[in-house]
């Protein structure tokens, strides 16, 4: 997976009309995306994630954080996935309802969350989003229709 952060210029009115085509767009976000996809193609699945942007330091931090997030999720068992799929991040008091839905104890839900690193995943997601937001400093621009 490749993520490119940068400026993206698109034709005026195309998005509003639902006719936006990526081939009509320009900007360094497209080039960074292409580079990120090429870089991500090699190696193990966790290494198959890359972020590219003008700010290489932020891009490297986002790449590392996204790869770590992938590893956390990839190592889950099917039983752990059944538990975490029922939870909504930021909502308190869900463990009892999840336990009832799965026919297990709240302690089993709690242990599954600890083993699956679910709380750590939520923190890592926020970190990746924050880093991507910090790379997205340019406002989208619009070019005049020809």
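Residue numbers (UniProt numbering): 1 to 146. Just so it is clear, CB atoms sit at the ideal spot from N, CA and C, and this is done for glycine as well.
DSSP lists 2 as the beta-bridge partner residues of residue 50. As DSSP reads the structure, residue 89 sits in no beta bridge. Looking at the DSSP output, residue 26 shares a beta bridge with 9. Here DSSP, grouped into helix, strand and coil, assigns residue 67 to helix. Here residue 105 carries a coil assignment [DSSP, helix/strand/coil]. Residue burial annotation: residue 31 is exposed, with fewer than 16 other C-beta atoms found within 10 angstroms of its C-beta. Contact check for residue 11 against residue 24 passes: the beta carbons are separated by less than 8 angstroms.
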